[in-house]
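Chemist: A single structure is presented below for examination.
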Amino acid sequence: MHANIYGEVEKNLSNHKGYFATHLTGNDLNGTVNFPLESGLAIFIKKDIKVNESKEIFIYRSGTDLLHDDITSIPRNLQYISFSVNSKNYLIGHFHGIWFPKSKEDTEDRIRQSQKIQDFFAKRTEIKILCGDFNHAIQFCRENNFNKIKIETGKAFKQGHLFYKNRGFKIVKEDEEDFYMEKFL
């Protein structure tokens, strides 16, 4: 496990401010470690953009520990920030879903995590962007007028890491599977 990737990314993104949300402490994928270690999610945003809110909510379990040293019990959180650009309010949610079992089949836990995310987003009025690593249970994106998008950066996203949006972006290219949007930040 690469223990300080957040610090390395932060150092290389000197024009950005990083926000880190811990979901696991004191463990790596092989079990308990004997040094300080945190795993979690990160969002980086340009320093000249004022962030109004930066928080997290736990979607699966809570706290930052394992149950009975079982790696499949890693808590899952939704990290989010809100900010304004050009008089428009945005909410970016970052989420990596339950990854056990390793299949992409819907499970009760995955369906519950999707419902919790849907409930959270339904209460918010900003233009919403949800990014991360999802399983098929993220069907609520389509049910709530989110569309899969890829940001035009010249680099392909890692398979499984998707971005969804619900309004407010100019679609510059569209095909059966993907939407592309102009980079706005």
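In our numbering, each number is its position in the sequence shown, counted from 1, plus 1430.
Even glycine gets a Cβ: it sits at the ideal position worked out from N, Cα and C.
Counting pairs of beta carbons, one from the segment 1477-1485 and one from the segment 1454-1462, are three or more of them closer than 8 Å?
Modeler: no
Chemist: Once DSSP output is grouped into helix, strand and coil, what is the label at residue 1611?
Modeler: On the sequence shown, residue 1611 is found 181 positions in, with the first residue counted as 1. Because residue 1611 sits at a pLDDT of 42, beneath the cut-off of 50, its placement in the model cannot be relied upon, and the following sentence gives the value as read from the coordinates. Of the three classes helix, strand and coil, the one that applies to residue 1611 here is strand, per DSSP.
Chemist: Pair every Cβ in the segment 1548-1561 with every Cβ in the segment 1493-1500, then say whether three or more of these pairs are closer than 8 Å.
Modeler: no
Chemist: Among the residues of its own chain, which have a CB less than 7 Å from the CB of residue 1554, if the five just before and after it don't count?
Modeler: For the purposes of this step, residue 1554 is taken as residue 124 along the sequence shown, with counting starting at 1. So the qualifying residues of the chain are 1521.
Chemist: Exposed or buried, which one is residue 1562 when buried takes at least 16 other CB atoms within 10 Å?
Modeler: Here the question's residue 1562 lines up with position 132 in the sequence shown. Buried is the call here.
Chemist: Cβ of residue 1511 within 8 Å of Cβ of residue 1473?
Modeler: Here residue 1511 refers to the residue found at position 81 when the sequence shown is read from its first residue. Here residue 1473 refers to the residue found at position 43 when the sequence shown is read from its first residue. Against a cut-off of 8 Å, the Cβ pair of residue 1473 and residue 1511 comes out as a contact.
Chemist: Residue 1517: which of 1441, 1479, 1445, 1440 sits nearest, CA to CA?
Modeler: Residue mapping note: residue 1517 aligns to position 87 of the sequence shown, counting from 1. Measuring from the Cα of residue 1517, the nearest candidate turns out to be 1479.
Chemist: For the beta strand (DSSP E) containing residue 1493, list its first residue and its last residue.
Modeler: The residue given as residue 1493 occupies position 63 in the sequence shown. No beta strand (DSSP E) holds residue 1493; DSSP gives it neither H nor E.
Chemist: Between residue 1674 and residue 1507, is the Cβ-Cβ spacing less than 8 Å?
Modeler: Residue 1674 cannot be examined here, being either before or after the span of the chain that is shown, 1431 to 1615.
Chemist: Looking at chain D, is there any beta carbon in it that lies within less than 8 Å of the beta carbon of residue 1560?
Modeler: The chain labelled as chain D is not found in the depicted structure, where only one protein chain is given.
Chemist: Ignore the nearest five residues each way along the sequence and tell me which others in residue 1433's own chain have a CB closer than 7 Å to its CB.
Modeler: In the sequence shown, the residue the question calls residue 1433 occupies position 3. The answer, listed in chain order, is 1467.
Chemist: What is the DSSP secondary structure of residue 1500, counted as helix, strand or coil?
Modeler: Against the sequence shown, residue 1500 aligns to sequence position 70. If DSSP states are grouped into helix, strand and coil, residue 1500 belongs with the strands.
Chemist: Under 8 Å between the Cβ atoms of residue 1437 and residue 1451?
Modeler: Start at 1 with the first residue of the sequence shown, and residue 1437 comes out as number 7. Start at 1 with the first residue of the sequence shown, and residue 1451 comes out as number 21. Their beta carbons are not under 8 Å apart, which means residue 1437 does not touch residue 1451 by this criterion.
Chemist: Does the distance from the CB of residue 1528 to the CB of residue 1509 come in under 8 Å?
Modeler: Taking the first residue of the sequence shown as 1, we reach residue 1528 at position 98. Taking the first residue of the sequence shown as 1, we reach residue 1509 at position 79. Not closer than 8 Å, so no.
Chemist: Out of curiosity, what's the CA-to-CA distance linking residue 1494 and residue 1503?
Modeler: As a working note, residue 1494 is residue 64 in the sequence shown. As a working note, residue 1503 is residue 73 in the sequence shown. Residue 1494 and residue 1503: Cα-Cα distance of roughly 10 Å.
Chemist: Using the three-state DSSP reduction, which class does residue 1506 fall into: helix, strand or coil?
Modeler: Looking up residue 1506 in the sequence shown gives position 76. Strand at residue 1506.
Chemist: Taking 8 Å as the cut-off, decide whether the C-beta atoms of residue 1475 and residue 1513 are in contact.
Modeler: Taking the sequence shown and counting its residues from 1, one reaches residue 1475 at position 45. Taking the sequence shown and counting its residues from 1, one reaches residue 1513 at position 83. Judged by their CB atoms, residue 1475 and residue 1513 are nearer to each other than the 8 Å cut-off.
Chemist: By Cβ distance below 8 Å, which residues in the same chain neighbour residue 1621 in space, the five residues on each side in sequence not counted?
Modeler: Shown here, the chain extends from 1431 to 1615; a query on residue 1621 therefore has no answer.
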